[in-house]
Amino acid sequence: MADFDFPTDLRDAQTRLHQTWSAYADLCRTLPWSVEPAPGWEGDKQLHSDRIGAMPDSPGYTDHQKEEVAQLRALLVELSATVSAHPYWGTLERGTVVAARMALKSAA
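Residue numbers for the sequence shown follow full-length UniProt numbering, beginning at 1 and rising by one.
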């Protein structure tokens with residue numbers, strides 16, 4: 001794989017994007033299964049399996065949880081746009097942009 005000389009601001013944005021995705025995933029693991037309060041349910045037996053799907057009652061997200069999700073999603077959109085629309089990509093030779101983007105993901 002070729003070496004790329006990524007600008008510091010691009011590396012920093014990619015690092016923040018990775019960190020924000022991680023924070024968002026961590027938050028999502030702690031949230032109830034439904035944003036709004038919802039009753040639990042039990043499904044039918046799955047074909048070729050003894051598994052019966054079920055979900056407990058969901059209390060829904062708190063206002064604080066909704067705010068956290070919204071803030072992280074907005075930051076993800078902002079950082080994704082910053083990385084994908086960075087002027088650096090226009091300086092590369094044709095055919096190397098995909099390799100460079102993949103390298104940036106590993107470099108950050």
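Glycine is no exception: its CB is placed at the ideal position from the N, C-alpha and C atoms.
Hey, how far is the Cα of residue i from the Cα of residue j?
i: alanine 23; j: tyrosine 61; result: 17 Å
i: aspartate 9; j: threonine 15; result: 10 Å
i: tryptophan 89; j: leucine 79; result: 15 Å
i: threonine 30; j: arginine 11; result: 29 Å
i: aspartate 50; j: phenylalanine 6; result: 52 Å
i: alanine 54; j: histidine 48; result: 17 Å
i: aspartate 3; j: aspartate 26; result: 32 Å
i: arginine 94; j: alanine 85; result: 16 Å
i: valine 83; j: isoleucine 52; result: 43 Å
With burial defined as no fewer than 16 other Cβ atoms inside 10 Å of the residue's Cβ, what is the status of residue i: buried or exposed?
i: glutamine 46; result: exposed
i: glutamine 71; result: exposed
i: alanine 13; result: buried
i: alanine 81; result: exposed
i: valine 77; result: exposed
i: valine 98; result: exposed
With DSSP as the reference, identify every bridge partner of residue i, one or two as the case may be.
i: methionine 55; result: Trp41
(message) So, does the region 96-105 touch the region 38-58, judging by three or more C-beta pairs under 8 Å?
(response) no
(request) Pair every Cβ in the region 31-38 with every Cβ in the region 85-99, then say whether three or more of these pairs are closer than 8 Å. (result) no
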